[in-house]
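Numbering-wise, the numbering used here puts 24 at position 24 of the sequence shown, and it's gapless, one number per residue.
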Amino acid sequence: MTERVTWDGVPIAEEVPHGAAVTVRRQSTYGREYLILHRAHHGPDFAGDWAWTPPTGARQPGEPILDGALRELEEEAGITGVDIWPVDLSGDWARFCVDVPPDTAVNLMDVEHDSFAWVSAADAIRRCTPELIGAVIERADRIPSCRLEFRPLIRDDLHRLLQWHKAPHAVEWFADGPLDIAAAEAKYGPRIDGVAPVRVEVVEIDGIAAGYLQRYLTRDHPEYAAAARDNDAAAIDYLIGEPTLVERGIGTRMIWQYVRDVVLPAYTGVPRIIASPDAHNTRSIRALEKAGFTRGCIAAPGQLDPEYFCVLDRRRTLGSNAASAAPQS
Ligand SMILES: CC(C)(COP(=O)(O)OP(=O)(O)OC[C@H]1O[C@@H](n2cnc3c(N)ncnc32)[C@H](O)[C@@H]1OP(=O)(O)O)[C@@H](O)C(=O)NCCC(=O)NCCS
Numbered sequence: 001m002t003e004r005v006t007w008d009g010v011p012i013a014e015e016v017p018h019g020a021a022v023t024v025r026r027q028s029t030y031g032r033e034y035l036i037l038h039r040a041h042h043g044p045d046f047a048g049d050w051a052w053t054p055p056t057g058a059r060q061p062g063e064p065i066l067d068g069a070l071r072e073l074e075e076e077a078g079i080t081g082v083d084i085w086p087v088d089l090s091g092d093w094a095r096f097c098v099d100v101p102p103d104t105a106v107n108l109m110d111v112e113h114d115s116f117a118w119v120s121a122a123d124a125i126r127r128c129t130p131e132l133i134g135a136v137i138e139r140a141d142r143i144p145s146c147r148l149e150f151r152p153l154i155r156d157d158l159h160r161l162l163q164w165h166k167a168p169h170a171v172e173w174f175a176d177g178p179l180d181i182a183a184a185e186a187k188y189g190p191r192i193d194g195v196a197p198v199r200v201e202v203v204e205i206d207g208i209a210a211g212y213l214q215r216y217l218t219r220d221h222p223e224y225a226a227a228a229r230d231n232d233a234a235a236i237d238y239l240i241g242e243p244t245l246v247e248r249g250i251g252t253r254m255i256w257q258y259v260r261d262v263v264l265p266a267y268t269g270v271p272r273i274i275a276s277p278d279a280h281n282t283r284s285i286r287a288l289e290k291a292g293f294t295r296g297c298i299a300a301p302g303q304l305d306p307e308y309f310c311v312l313d314r315r316r317t318l319g320s321n322a323a324s325a326a327p328q329s
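Dropping the structure here:
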């Protein structure tokens, strides 16, 4: 088989994703602006297909997806130390996005590009052709800029948690959840007190409690580990309770950030993260796939309700960037 290589002869990963595009956004006095880079190959006046793109590049064989995207961002734009998050990691090319401070310096470090511009979404989409390149920016533009933080669940959150379970987009998946505070205390009290193997965190979106996530080791739940056929993983569940915040790309980013900043630091050495949405919960399955999970086996009849076991391979996806945050118990 002929090895695929980049224009400058570097081998490209045979397995998907073959590379990554990173949409870089900043908030300026003119509104939200996007960084686009101009290809040098045909001179400074080159226009048309492939003349302008966001920072984009191929993944090297065996290179973790996040490592490859961060490397390209540094090589093409000189941008380092930023928190890129997934828009969609499920296709042939991974798509990340990042909001950077307005004074972020761009440094064209390689010979591939001769200029850059910060432009509106409309201008970026117009200049970045063919259409599939403009679509990368168009998709990222629909995702709000927001701050996601996680903190442990406390008893004062339980009334919120009950409301979140009843949200129209969630109720179907939490029908067997606790119905009142007493039942919520019975289920979540031990998790809050740290005496159950499950730990629960609230996600705050721009400082407002908006949902929760929980985590546990599969080996602490033998029946679940057997159904998942994995005794060596961490598992997660999650919920955005605020209806206006779903289907805007935030859940994908939330799952990613929770895995990276909370789950992996807490369970160092765990090679895989599992989530097992109901087989009909398309929104949840899609959010997982966009966050880098691959859809795995469905539970065998009689083991659990029909669920997909979606798996994130720590090394393939996050590579050396896993466990960057402080460990949590
Ligand atoms: C699951 C959840 C966290 C996902 O977060 P989110 O912010 O809604 O997810 P995203 O917007 O990042 O992605 C949702 C994807 O599902 C797609 N989707 C939504 N409804 C869909 C449907 N009926 N059929 C197919 N795709 C659907 C969206 O179009 C989007 O994909 P796209 O970007 O390719 O268009 C959130 O929806 C939620 O909390 N739901 C209720 C609780 C729940 O289901 N928890 C999971 C239990 S396992």
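Heads up, the beta-carbon is just placed ideally off N, CA and C, and yes, glycines get one too. Computed from a predicted model, the values in this text were never measured in an experiment.
Cut-off 8 Å between Cβ atoms - residues of its own chain near residue i, not counting five sequence neighbours on either side
| i | result |
| --- | --- |
| Val111 | Ala40 |
| Glu76 | Leu37, Pro55, Thr56, Gly57, Leu108, Met109, Asp110, Glu112 and His113 |
| Pro11 | Glu3, Arg4, Val5, Gln60 and Pro61 |
| Asp92 | Val16, Pro17 and His18 |
| Trp256 | Trp85, Pro86, Ala291 and Gly292 |
| Thr317 | Pro64, Ile65, Leu66, Leu89 and Gly292 |
| Leu148 | Val203, Glu204, Ile205, Ile250, Arg253, Met254 and Gln257 |
Exposure label - residue i; buried when at least 16 CB within 10 Å
| i | result |
| --- | --- |
| Trp212 | Looking at the sequence itself, residue 212 is Tyr, so the reference to Trp does not match. Tyr212 comes out buried. |
| Glu3 | exposed |
| Trp7 | exposed |
| Tyr30 | exposed |
| Pro277 | buried |
| Gly292 | buried |
| Glu131 | exposed |
| Arg314 | buried |
| Gly19 | buried |
| Val195 | exposed |
| Pro144 | exposed |
| Ile79 | buried |
| Pro222 | exposed |
| Gly249 | buried |
| Thr268 | exposed |
| Ala105 | exposed |
| Phe309 | buried |
| Ile65 | buried |
| Ser115 | exposed |
| Ala186 | exposed |
| Asp99 | buried |
| Arg260 | buried |
| Ile208 | exposed |
Close Cβ partners of residue i (< 7 Å) along its chain, the five nearest in sequence each way excluded
| i | result |
| --- | --- |
| Val263 | Arg215, Ala234, Ile236 and Ile273 |
| Asp230 | Thr218, Arg272 and Ile274 |
| His159 | Ile181 |
| Ile154 | Ile192 |
| Ala170 | Trp164, Leu239 and Gly241 |
| Pro102 | Arg26, Gln27 and Ser28 |
| Ala184 | Leu158, Leu161, Leu162 and Pro178 |
| Leu245 | Ile205 and Ala210 |
| Pro168 | Pro243 |
Sequence-distant residues of its chain with Cβ nearer than 6 Å to residue i (five each side left out)
| i | result |
| --- | --- |
| Ala299 | Ala227 and Glu307 |
| Ala251 | Looking at the sequence provided, one finds Gly at residue 251 rather than Ala. Counting only Cβ-Cβ distances below 6 Å, and skipping sequence neighbours, we find Ile240 and Ala287. |
| Arg253 | Trp85 |
| Thr330 | Here the chain comprises residues numbered 1 to 329, so residue 330 is not present and cannot be evaluated. |
| Gly134 | Ile125 and Cys128 |
| Trp52 | Ile36, His38, Arg127 and Cys128 |
| Phe174 | His165 |
| Arg295 | Tyr308 and Cys310 |
| Cys297 | Phe309 |
| Glu289 | Ser90 |
| Arg151 | Val202 |
(Q) Three or more C-beta pairs under 8 Å: does that hold for the region 160–169 against the region 81–93? (A) no
Q. Where are the beta strand (DSSP E) runs, 3 residues long or more, that stay fully inside the region 53–131, in chain order?
A. 56–58, 85–88, 93–100 and 113–119
Q.
Taking 8 Å as the cut-off, does the region 195–214 touch the region 240–258 (at least 3 CB pairs, one atom from each stretch)?
A. yes
**Q.** Any 3 or more C-beta pairs closer than 8 Å across the region 131–146 and the region 177–194
**A.** no
(Q) Which complete beta strand (DSSP E) runs does the region 12–55 hold, if anything under 3 residues is left out? (A) 19–28 and 31–39
Q.
To test your reading of the DSSP string, which unbroken beta strand (DSSP E) runs of 3 or more residues are found completely within the region 267–302?
A. 272–275 and 294–298
(Q) For a minimum of 4 consecutive residues, which ranges assigned as the alpha helix (DSSP H) are wholly contained in the region 144–224? (A) 158–166 and 181–193
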